[in-house]
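Engineer:
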Amino acid sequence: MRNIVKISFFAVAVMMSTSCADFLDPYPYGKLSEEDFWEHQDAVQGLVGQCYDYMQRNYNNNNGFYLDGATDDAVVTSSTHAMAKLATGALTPSKDPFEAYWVEDYKGIALVNKFLKDQHGFNTRFMVDAHFNDLVRYRLQGEAFALRAWFQWDLLRRYGGIGIKSGELLGFPIITEPVNVFEDDMNLARDTYAACVKQIESDCDSAYAYLPIAHRDFLVENAGDLVYAGSRYWGRLDGITMTALKSQMYLTYASPLFNPENDMTRWEKAAIYAKQVIDFKLNVDNVKNGFNPVNRVDWTDPNFPGIVYGSRYDNNNDAMERVLYPGGFQGNGALGATQDLVDAFPMKNGYPKDHPEGAKLYDPKNPYANRDPRFYSVIFYNNSKANRDNNETKPMYTFECWENQDALGKDAAGNKATSRTNYHIKKYIYMGLNWSDATVKKMPHSRFYIRWAHMVLNFAEAANEIGGPNHTIDGLSAKEAMKYLRTRKTYDGKELYTDDDPYLDEVATMGKDQFRKFIQNERRLETCFEGMRFYDLRRWSKDGSIEMLNQPVYKAKILKNAENTFDYDKDVVENRIYTSPYLPLPYDDILRMDKLEQNKGWDNWQ
Numbered sequence: 005m006r007n008i009v010k011i012s013f014f015a016v017a018v019m020m021s022t023s024c025a026d027f028l029d030p031y032p033y034g035k036l037s038e039e040d041f042w043e044h045q046d047a048v049q050g051l052v053g054q055c056y057d058y059m060q061r062n063y064n065n066n067n068g069f070y071l072d073g074a075t076d077d078a079v080v081t082s083s084t085h086a087m088a089k090l091a092t093g094a095l096t097p098s099k100d101p102f103e104a105y106w107v108e109d110y111k112g113i114a115l116v117n118k119f120l121k122d123q124h125g126f127n128t129r130f131m132v133d134a135h136f137n138d139l140v141r142y143r144l145q146g147e148a149f150a151l152r153a154w155f156q157w158d159l160l161r162r163y164g165g166i167g168i169k170s171g172e173l174l175g176f177p178i179i180t181e182p183v184n185v186f187e188d189d190m191n192l193a194r195d196t197y198a199a200c201v202k203q204i205e206s207d208c209d210s211a212y213a214y215l216p217i218a219h220r221d222f223l224v225e226n227a228g229d230l231v232y233a234g235s236r237y238w239g240r241l242d243g244i245t246m247t248a249l250k251s252q253m254y255l256t257y258a259s260p261l262f263n264p265e266n267d268m269t270r271w272e273k274a275a276i277y278a279k280q281v282i283d284f285k286l287n288v289d290n291v292k293n294g295f296n297p298v299n300r301v302d303w304t305d306p307n308f309p310g311i312v313y314g315s316r317y318d319n320n321n322d323a324m325e326r327v328l329y330p331g332g333f334q335g336n337g338a339l340g341a342t343q344d345l346v347d348a349f350p351m352k353n354g355y356p357k358d359h360p361e362g363a364k365l366y367d368p369k370n371p372y373a374n375r376d377p378r379f380y381s382v383i384f385y386n387n388s389k390a391n392r393d394n395n396e397t398k399p400m401y402t403f404e405c406w407e408n409q410d411a412l413g414k415d416a417a418g419n420k421a422t423s424r425t426n427y428h429i430k431k432y433i434y435m436g437l438n439w440s441d442a443t444v445k446k447m448p449h450s451r452f453y454i455r456w457a458h459m460v461l462n463f464a465e466a467a468n469e470i471g472g473p474n475h476t477i478d479g480l481s482a483k484e485a486m487k488y489l490r491t492r493k494t495y496d497g498k499e500l501y502t503d504d505d506p507y508l509d510e511v512a513t514m515g516k517d518q519f520r521k522f523i524q525n526e527r528r529l530e531t532c533f534e535g536m537r538f539y540d541l542r543r544w545s546k547d548g549s550i551e552m553l554n555q556p557v558y559k560a561k562i563l564k565n566a567e568n569t570f571d572y573d574k575d576v577v578e579n580r581i582y583t584s585p586y587l588p589l590p591y592d593d594i595l596r597m598d599k600l601e602q603n604k605g606w607d608n609w610q
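So the sequence shown is numbered by the numbering used here: it starts at 5 and just counts up by one.
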């Protein structure tokens, strides 16, 4: 299979159907016959283990913060980048940035389908000891179902949409069996969105039946089992992740774009599943040195207790710092936060800056003063400093994002390796790193796919839609859920609204519609640069409208005066041009399979 280089669904089908020897070429097990294969437990385990390589380990990709560059949160510095082209209506079939994810998802599905077929994987003998063998085979069987659910949800979230010909809400082609390209019909059609939801939920439930609720040592009853169970499998899918995945799926399925009739049972499922995860973290995972809801998120700790599911990590890594710091600090300045996102952060009293109480603290001549402490842990702005270990007495670098008649500040838009918005991104950066040090300290980086905070936001949104801010579900209301996030420490470890939060109290009295706007803004602040905003804006769109996506985005315009003061304004940095709230299916496969229907709005991709 290493010789198959065409990236297409057909190539994946070939991978699933060629001789077993070819199928195993990517594995270091030699060439095995179909009969011999199932006698080699390492090869069988490899069907499951290989799938984790199809999950991104960081945020610096088109499934991560570059995708935010196609939203109102960020702008990609390179105008030729695929996400910049997507945002400005210039994406072409030959430069499809999502095709690789389509292929990888189906590769993963192909592997686990082989494992699951006729219980072959489950009935493989992995260990001599019967008890240990059961621990291994049950875990692998559960992971196989979980991985299939994971990859299917990735396909549905990305490609679900209205068919361009049928006008029906469609998902992806469901494949649960190994495919033989020489015997099976390879002209595949997309299944309905509802059928895809049903299949994913079924696989989640199957996975849950086999997997431990979580890979934790303290949940393992027998100490001797820790070789084959417990925290050594952190980073692999588990039962609580399946519950979280169902919450994510139903939140999308309940949202206006995919739920025009506003079927409330979908909101209910999203809330119930999210609440189960919240309770698990609070009541089970909240052990000594474990999860604590007030603790800050540590983006450089791959074992951070607030993770529900995270990727494998890259150790001693500086990729995020290289991408996000500007050229003046030896980075690439590849992405910049928008003025729109900056304006979304409230003032330090919790009120928006355009609220009368927030306006009392907002000074347009000094717009970065008195802001919500979260702002300072997420974004670098003009005259801000990169302080070693966030210690204000140890500045490493000062950002100069200004311009005047004669010059540009070293970090201003227009310079090489600087953002186009006059903002740079601090989130994810390890503040102990300085490439000028004699010994450069680096930290691990990984992807926190599902966090406790995501479940809190899911619950709050769904609960509010069901009954408003104070409606309780299993003892928790949307307002109380949001208070969890508004009292947690910032990424820099600063306190937030620990004493009182009058704005939260006020907006909770204003009803469902206003609280929805509040939740959506809090979700924006919490998840910025995580590759989630694009999907949120889409699912919140009503009647297939692209208005939420088709807004101009702004940069800061900062003029430096002769007396070293600054005047602040804003300018449009990029106009967004979307023709569809949906993403296109890969063009090559649309051409190859006439039953595979393209999404509405992509007329030139069929």
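Quick reminder that beta carbons are idealized off the backbone N, C-alpha and C, glycines included.
#1: Would you mind working out which of R141, D242, F384 and L489 sits nearest M218, comparing C-alpha positions?
#2: Quick check: the Cα distance between K99 and L90, rounded to an integer number of angstroms?
#3: Hey, which unbroken runs of the beta strand (DSSP E) at 3 residues or more fall wholly within the segment 287-348?
#4: Just checking: is the beta-carbon of K498 within a distance shorter than 7 Å of some beta-carbon in chain D?
#5: Nearest to G112 by alpha carbon, out of I168, N64 and G53?
#6: Taking P448 as part of the beta strand (DSSP E), name the residues at either end of that continuous run.
#7: Give the straight-line distance between the Cα atoms of D376 and A348, rounded to the nearest whole angstrom.
#8: If you pair each beta-carbon of the segment 421-430 with each one of the segment 335-345, do three or more pairs fall below 8 Å?
#9: Indicate whether the contact test is met: 3 or more Cβ pairs, each with one atom in the segment 276-283 and one in the segment 464-484, closer than 8 Å.
#10: If you reduce the DSSP assignment to three classes, tell me which class Y33 lands in.
#11: So R141 packs on F119, CB below 8 Å; how close in whole Å?
#12: With a CB to CB cut of under 6 Å and the five nearest residues on each side skipped, what residues in its chain are close to V48?
#13: If you run the structure through DSSP and keep just helix, strand and coil, what is E510?
#14: Taking the continuous beta strand (DSSP E) assigned at T402, which residues delimit it?
#15: Which class does R596 belong to by DSSP, given the choice of helix, strand or coil?
#16: In whole angstroms, give me the CA-to-CA distance for D133 and V231.
#17: Are Y197 and G171 close, meaning C-beta to C-beta below 7 Å?
#18: Only counting the same chain, and skipping five residues up and downstream in sequence, which positions put a Cβ closer than 7 Å to that of A512?
#19: Tell me which same chain residues have a C-beta within less than 6 Å of the C-beta of D318, skipping the five on either side of it?
#20: Give the list of continuous beta strand (DSSP E) stretches no shorter than 3 residues that lie fully inside the segment 432-475.
#21: Below 8 Å, how does it come out for the segment 575-590 and the segment 433-448: are there three or more Cβ pairs, yes or no?
#22: Cutting at 6 Å between CB atoms, please list the residues of its own chain near D289, excluding the five before and the five after it.
#23: Strictly by DSSP, which residues pair up with R375?
#24: Okay, do the segment 197-211 and the segment 246-255 touch, 3+ Cβ pairs below 8 Å being the bar?
#25: May I ask you to list the residues that DSSP assigns as paired with F384?
#26: Where does D57 fall in DSSP's three states?
#27: Helix, strand or coil: how does DSSP classify N65 here?
#28: Do you know whose CA, among G548, M324, E181 and K369, lies nearest D573's CA?
#29: Return the CA-CA distance between Y558 and Y427, expressed in angstroms with no decimal places.
Structural biologist: Taking the geometry as given:
#1: Along the sequence shown, read from residue 1 onward, the residue named residue 218 stands at position 214. What sits at residue 218 in the sequence shown is Ala, not Met. Cα-wise, what sits closest to A218 is D242.
#2: If you number the sequence shown from 1, residue 99 lands on position 95. If you number the sequence shown from 1, residue 90 lands on position 86. Distance between the alpha carbons of K99 and L90: 10 Å.
#3: 311-313, 318-321 and 339-341
#4: Absent from the structure is chain D; it holds one protein chain and no more.
#5: Counted from its first residue, the sequence shown places residue 112 at position 108. It is G53 whose Cα lies nearest to the Cα of G112.
#6: As a working note, residue 448 is residue 444 in the sequence shown. P448 -> beta strand (DSSP E) spans M447 to H449.
#7: If you number the sequence shown from 1, residue 376 lands on position 372. If you number the sequence shown from 1, residue 348 lands on position 344. Rounded to the nearest angstrom, the two C-alpha atoms are 10 Å apart.
#8: yes
#9: yes
#10: Counted from its first residue, the sequence shown places residue 33 at position 29. With a pLDDT of 44 at Y33, under the threshold of 50, the modelled position of that residue is not reliable, and no figure is offered here.
#11: On the sequence shown, position 137 is the one that residue 141 refers to. On the sequence shown, position 115 is the one that residue 119 refers to. Going by Cβ atoms, the distance from R141 to F119 rounds to 11 Å, so no, they are not a contact pair.
#12: The residue labelled residue 48 in the question sits at position 44 within the sequence shown. The answer, listed in chain order, is G125 and T128.
#13: Taking the first residue of the sequence shown as 1, we reach residue 510 at position 506. E510 falls in the helix class under three-state DSSP.
#14: For the purposes of this step, residue 402 is identified with residue 398 of the sequence shown, where counting begins at 1. Element bounds for T402: P399 to T402.
#15: To locate residue 596, count along the sequence shown from 1; it is residue 592. R596: helix per DSSP, three-state reduction.
#16: The residue labelled residue 133 in the question sits at position 129 within the sequence shown. The residue labelled residue 231 in the question sits at position 227 within the sequence shown. So the two alpha carbons sit approximately 13 Å from each other.
#17: Indexing the sequence shown from 1 puts residue 197 at position 193. Indexing the sequence shown from 1 puts residue 171 at position 167. No.
#18: On the sequence shown, position 508 is the one that residue 512 refers to. Counting only Cβ-Cβ distances below 7 Å, and skipping sequence neighbours, we find P473, N474, K483 and F519.
#19: Taking the first residue of the sequence shown as 1, we reach residue 318 at position 314. Once the five neighbours on either side are set aside, the close Cβ partners of D318 are R61 and H449.
#20: 447-449
#21: no
#22: Along the sequence shown, read from residue 1 onward, the residue named residue 289 stands at position 285. Only F295 meet the Cβ criterion.
#23: Position 371 of the sequence shown, counting from 1, holds the residue named residue 375. Paired residue(s): M351.
#24: yes
#25: For the purposes of this step, residue 384 is taken as the residue at position 380 of the sequence shown. Answer is H428, bridged to F384.
#26: If you number the sequence shown from 1, residue 57 lands on position 53. In the structure shown, D57 sits in a helix (DSSP, three-state: H, G or I).
#27: Within the sequence shown, numbered from 1, the residue matching residue 65 stands at position 61. Coil.
#28: In the sequence shown, counting from the first residue as 1, residue 573 sits at position 569. Measuring from the Cα of D573, the nearest candidate turns out to be K369.
#29: As a first step, residue 558 must be located in the sequence shown, where it is residue number 554. As a first step, residue 427 must be located in the sequence shown, where it is residue number 423. Near 11 Å, if we compare the C-alpha coordinates of Y427 and Y558.
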